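Colleague:
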Amino acid sequence: MSTTISSDGLEPRRKKALFRAWHRGTKEMDFVFGTFADAHLAGLGEADLADFERLLDVGDQELFSWIVGSIPVDPIHDRPVWAAILAHTATTDKVT
72 MSTTISSDGL EPRRKKALFR AWHRGTKEMD FVFGTFADAH LAGLGEADLA DFERLLDVGD
132 QELFSWIVGS IPVDPIHDRP VWAAILAHTA TTDKVT
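Mapping the sequence shown onto this note's numbering, position 30 (from 1) lands on 101, and the numbers just tick up by one.
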């Protein structure tokens, strides 16, 4: 899997976030974060971009557990961008 958008025209910080979103370590999190980044990264404000970058530092197992609800989201990450990722995940076509 790889990005479906071009990083041309993105500032270096957003290019790095896009790359990291698609190269997480597990295909599941690549899909969740990569498709979200493709759809929303260019339009994120500075605060949401910073929150997204912090989420990219969280391990895949922990993120997966948050998504499926087996453990609560760490309050420091329970921000609007996390809600946007969950909403995006709920409406994104699943890979079969």
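We treat Cβ as the ideally placed atom computed from N, Cα and C, and that holds for glycine.
These figures come from a predicted structure and were not determined experimentally.
Does the stretch 117 to 132 come within contact of the stretch 141 to 152, defined as at least 3 CB pairs closer than 8 Å?
Modeller: yes
Colleague: Exposed or buried, D145, counting other C-beta atoms within 10 Å across all chains shown (16 or more means buried)?
Modeller: exposed
Colleague: Distance check for I142 and H148, CA to CA, integer angstroms please.
Modeller: 13 Å
Colleague: Run through DSSP, which three-state label would R84 get?
Modeller: Helix, per DSSP.
Colleague: Going by Cα to Cα distance, which pick from D109, L112, K98 is closest to L134?
Modeller: When each option's Cα is compared against that of L134, the closest is K98.
Colleague: Enumerate in chain order the residues of its own chain whose CB-to-CB distance from T163 is below 7 Å, with the five nearest sequence positions on each side excluded.
Modeller: Cβ within range, chain order: T106.
Colleague: Determine the DSSP secondary structure at I142, reduced to helix, strand or coil.
Modeller: coil
Colleague: Per DSSP, what kind of secondary structure is R95 in: helix, strand or coil?
Modeller: coil
Colleague: Are the Cβ atoms of R95 and F104 separated by less than 7 Å?
Modeller: Taking 7 Å as the Cβ cut-off, R95 and F104 qualify as a contacting pair.
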